[in-house]
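Just so you know, the sequences run in chain order A and B.
Quick note: the first sequence uses the numbering used here, first residue 7, plus one each step.
Quick note: the second sequence uses the numbering used here, first residue 7, plus one each step.
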Amino acid sequence: MADTMSATTHAPGHGPGQDVTKRDFLTLVTVSAAAIGVGAIAWPLIDSMNPSADVLALSSVEVDLAPIPAGQAITAVWRGKPIFVRHRTPDEIKAAEDVTLKQLIDPAPDSARVKAGHDQWLVVVGICTHLGCIPLGNKPTDPRGDFGGWFCPCHGSQYDTSGRVRHGPAPANLPVPPYAFESDTKIKIG
Amino acid sequence: MAGLHKSEIKNPVLNWIDSRLPIITLMQKEYGAFPTPKNFNYWWNFGALAMVILGIMVVTGIFLAMNYTPHKDMAFDSVERIMRDVNFGWLLRYAHANGASMFFIVVYVHMFRGLYYGSYKAPRELLWMLGVVLLLLMMATAFMGYVLPWGQMSYWGATVITNLFSAIPLVGDSVVTWLWGGFSVDNPTLNRFFSLHYLLPFVILGMVFLHVVALHITGSNNPLGIDVKSPQDTLPFHPYYTVKDSVGICLFFVVYAIIVFFFPDLFGDPDNYIPANPLQTPADIVPEWYFLPFYAILRSIPNKLGGVTMMFGAIAVLFVLPWLDLSPVRSARFRPIYKWVFWLLPISCVVLGVVGAHKPEDPWLTIGRLATLYYFAHFLVLLPLIGKFERPLPLPESISQPVLGGGGPLPASAVTKPMEKP
């Protein structure tokens with residue numbers, strides 16, 4: 007007759023020759039139930055600190071594009087953050103598209119950073135990805151760095167006309183927030 | 007090395023900590039091996055239960071405070087925001103509000119246990135008095151907490167209770183103005199109540215620590231009311247009473263969960279869902295249920311200062327209880343008269359509670375006056391008299407003796423053991 011168990015299971019704390027007892031099973035079940043209980047109590051407490059429904063409801067904003075002529079940019083506010091909305095000139099668009107991915111610190115094609123059919127509009131979060139200052143470049147009188155986009159005065163990071171980082175110490179491109187065109191002259195961010 | 011505690015812990019890291027701050031040794035001594043009478047019944051669970059509820063109240067309170075605004079223009083709305091917009095805010099609020107009710111239920115049972123089994127008698131008089139201080143702190147905390155939502159009952163309850171202090175001769179009105187921070191219950195009042203409501207639970211925590219220390223000096227009482235005679239009469243607190251308390255805690259959570267999830271407004275007054283209006287008094291101003299007996303006593307006396315004095319007197323009489331009860335025997339089990347008379351006290355408290363919920367008109371007013379009379383007579387007249395003239399039953403020799411035996415029935419010539427000296 008084949009052995010159904012080749013070796014007896016030893017529970018922690020038991021020596022050889024002492025089997026797993028009912029007590030071990032009960033201890034395991036009790037501790038597991040208690041752990042589930044603690045988790046069930048801890049989760050609502052922790053989750054209560056996550057953004058509440060009213061904060062989440064304020065998380066979309068509409069921007070009217072009509073007053074922004076080509077070459078100009080505005081700063082909108084979304085979720086407490088500055089959003090650069092730039093109406094790019096054809097030269098700026100071409101400059102952005104001509105850059106090869108190998109030249110980029112954080113490679114991304116310009117087409118991935120704008121909406122099809124609306125590539126004259128660049129919408130990026132206006133916070134430098136280095137340590138969080140707001141880069142200069144929205145006003146025509148602002149320094150825009152060597153790449154025609156934005157220049158961060160804090161530590162010298164430079165961004166191009168697609169908002170991509172071209173000179174550090176910033177490690178990443180200016181992020182593109184989720185947005186959509188409600189009409190040719192209105193976008194909704196978030 | 008000089009100055010280090012000699013720790014018995016095996017684990018080197020824990021040993022290092024314990025030899026510099028022996029909390030592990032302390033916990034093992036006070037909650038691990040601590041010799042506890044082995045004949046506890048479930049009425050002894052309620053102290054530990056109260057500690058658990060205090061923890062629940064502090065934690066839910068801290069998370070509520072992250073979203074609450076203590077300004078009269080925003081308080082009510084901030085509570086509604088918690089209920090509707092904050093993730094699990096409804097649960098935090100209902101757990102906290104109903105936790106207060108559960109806290110009082112548990113503490114009242116805990117106190118009645120003490121009254122029945124003589125846990126307030128020597129050498130535990132100070133332990134009892136610390137407990138009464140804890141009750142007062144709880145009542146202050148609960149009162150201020152109820153004001154915070156700034157509903158109609160919050161505002162008007164605050165107005166009624168703070169106005170009581172004007173009964174103090176000479177300085178009464180100044181005291182009330184000082185409490186209010188103004189000329190009526192208003193924003194300064196709300197703001198300071200929030201501060202104090204956050205503070206007092208930590209004072210309670212400190213007092214609970216003293217309460218447990220005092221308990222550990224004398225050791226716990228037990229249902230027989232007799233002293234522990236030998237280690238044979240005891241069991242180590244862990245695992246016996248940690249497990250028994252866990253059973254009680256689980257049962258408590260079932261009841262608590264039923265209330266919080268299915269009847270969350272059971273104890274509440276609907277008027278408190280109306281924002282406070284200083285220009286409109288509700289038809290019935292009623293405090294939360296746990297204050298109703300004291301409210302009834304207050305309104306039984308037709309004189310303002312008299313009513314206030316009697317209301318505080320109801321607690322004051324608890325302070326001096328150890329010296330009012332003249333019985334040399336602790337537990338009601340061996341007190342044939344007190345055993346029955348005891349029950350008149352919780353009955354009168356319930357009657358007072360019902361009276362407190364009604365308008366102070368007949369028949370409730372008369373019933374309330376009689377119940378108030380009984381309440382004070384119970385402590386000031388009955389306890390001393392019963393204690394003095396009652397013939398107690400013979401006490402067992404020890405806690406173990408009725409269980410472990412000891413030679414069969416006593417011979418006819420045997421004399422009952424002399425009463426234990428308190």
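Built from N, CA and C at the ideal position, the CB exists for glycine as well.
These figures come from a predicted structure and were not determined experimentally.
CB contact check: residue i to chain B, cutoff 8 Å
i	result
residue 53 of chain A	yes
residue 58 of chain A	yes
residue 8 of chain A	With a pLDDT of only 49 at residue 8 of chain A, under 50, the local geometry of the prediction cannot be trusted, and no value is derived from it.
residue 50 of chain A	yes
Element boundaries [alpha helix (DSSP H), containing residue i]
i	result
residue 86 of chain B	81-90
residue 79 of chain A	Residue 79 of chain A -> not in any alpha helix (DSSP H); beta strand (DSSP E) instead, spanning 79-84.
residue 393 of chain B	389-395
residue 110 of chain B	95-123
residue 172 of chain A	Taken as a continuous stretch (DSSP letters only), residue 172 of chain A belongs to no alpha helix (DSSP H), being part of the beta strand (DSSP E) at 171-173.
residue 245 of chain B	243-268
residue 102 of chain A	96-104
residue 181 of chain B	178-186
Extent of the continuous beta strand (DSSP E) run through residue i
i	result
residue 407 of chain B	Not the beta strand (DSSP E): residue 407 of chain B falls in the alpha helix (DSSP H), residues 407-410.
residue 211 of chain B	That residue, residue 211 of chain B, is in no beta strand (DSSP E); its alpha helix (DSSP H) goes 193-224.
residue 195 of chain A	192-195
residue 164 of chain A	164-166
residue 154 of chain A	154-157
residue 88 of chain A	87-93
residue 367 of chain B	Looking at the DSSP string, residue 367 of chain B is not in any beta strand (DSSP E), and its letter there is neither H nor E.
residue 295 of chain B	No beta strand (DSSP E) holds residue 295 of chain B; DSSP gives it neither H nor E.
residue 70 of chain A	67-70
residue 189 of chain A	185-189
residue 328 of chain B	Careful: residue 328 of chain B lies outside any beta strand (DSSP E), inside the alpha helix (DSSP H) at 327-330.
residue 41 of chain B	41-43
residue 127 of chain A	127-131
Any C-beta of chain A under 8 Å from that of residue i
i	result
residue 97 of chain B	yes
residue 413 of chain B	The predicted model places residue 413 of chain B with a pLDDT of 47, which falls under 50 and marks its position as unreliable, so this point remains unresolved.
residue 87 of chain B	yes
residue 58 of chain B	no
residue 90 of chain B	yes
residue 360 of chain B	no
residue 93 of chain B	yes
residue 317 of chain B	no
residue 69 of chain B	yes
residue 261 of chain B	no
residue 72 of chain B	yes
residue 2 of chain B	No answer is possible for residue 2 of chain B: the residues shown for chain B start at 7 and end at 428.
residue 253 of chain B	no
residue 65 of chain B	yes
residue 15 of chain B	no
residue 419 of chain B	Here residue 419 of chain B scores only 49 on pLDDT, less than 50, and its place in the model is too uncertain to base an answer on.
Anticipated Cβ contact below 8 Å, residue i with residue j, distance rounded
i	j	result
residue 167 of chain A	residue 94 of chain A	6 Å
residue 239 of chain B	residue 406 of chain B	5 Å
residue 214 of chain B	residue 57 of chain B	7 Å
residue 197 of chain A	residue 170 of chain A	No answer is possible for residue 197 of chain A: the residues shown for chain A start at 7 and end at 196.
residue 271 of chain B	residue 292 of chain B	Actually they are not in contact, since the Cβ atoms of residue 271 of chain B and residue 292 of chain B sit about 15 Å apart, beyond 8 Å.
residue 298 of chain B	residue 363 of chain B	6 Å
residue 196 of chain B	residue 76 of chain B	6 Å
residue 37 of chain B	residue 203 of chain B	Contact flag wrong, Cβ pair sits at about 30 Å.
Proximity winner among the options, relative to residue i (alpha-carbon distances)
i	options	result
residue 302 of chain B	B:326, B:95, B:329, B:366	B:366
residue 153 of chain B	B:109, B:253, B:121, B:198	B:198
residue 397 of chain B	B:344, B:410, B:368, B:408	B:344
residue 236 of chain B	B:206, B:403, B:25	B:403
residue 149 of chain B	B:163, B:157, B:158	B:163
residue 304 of chain B	B:294, B:317, B:311, B:298	B:317
residue 337 of chain B	B:400, B:290, B:354	B:400
residue 195 of chain A	A:89, A:56, A:163, A:155	A:89
residue 119 of chain A	A:99, A:55, A:109	A:99
residue 43 of chain B	B:222, B:88, B:288	B:222
residue 145 of chain B	B:295, B:22, B:326, B:37	B:295
residue 172 of chain B	B:312, B:386, B:160	B:312
residue 165 of chain B	B:22, B:174, B:346, B:189	B:189
residue 81 of chain B	B:280, B:382, B:65, B:339	B:280
State whether the segment 137-150 of chain B contacts the segment 113-120 of chain B, with contact taken as three or more CB pairs (one from each stretch) at a distance under 8 Å.
Between the segment 137-150 of chain B and the segment 113-120 of chain B there are three or more C-beta pairs closer than 8 Å, enough to call the two in contact.
Counting pairs of Cβ atoms below 8 Å between the segment 354-361 of chain B and the segment 248-262 of chain B, do you hit three or more?
no
Can you confirm whether the segment 176-192 of chain A touches the segment 129-139 of chain A when touching is taken to mean that 3 or more C-beta pairs between the two stretches lie within less than 8 Å?
yes
Meets three-Cβ-pair contact criterion under 8 Å: the segment 215-222 of chain B and the segment 15-22 of chain B:
no
Cβ pair count under 8 Å reaching 3, the segment 257-273 of chain B against the segment 126-135 of chain B:
no
Three or more C-beta pairs below 8 Å linking the segment 386-394 of chain B and the segment 328-338 of chain B:
yes
Would the segment 48-58 of chain A and the segment 82-100 of chain B be scored as touching if the rule is three or more Cβ pairs under 8 Å?
The segment 48-58 of chain A, when compared against the segment 82-100 of chain B, does touch it at the 8 Å Cβ threshold.
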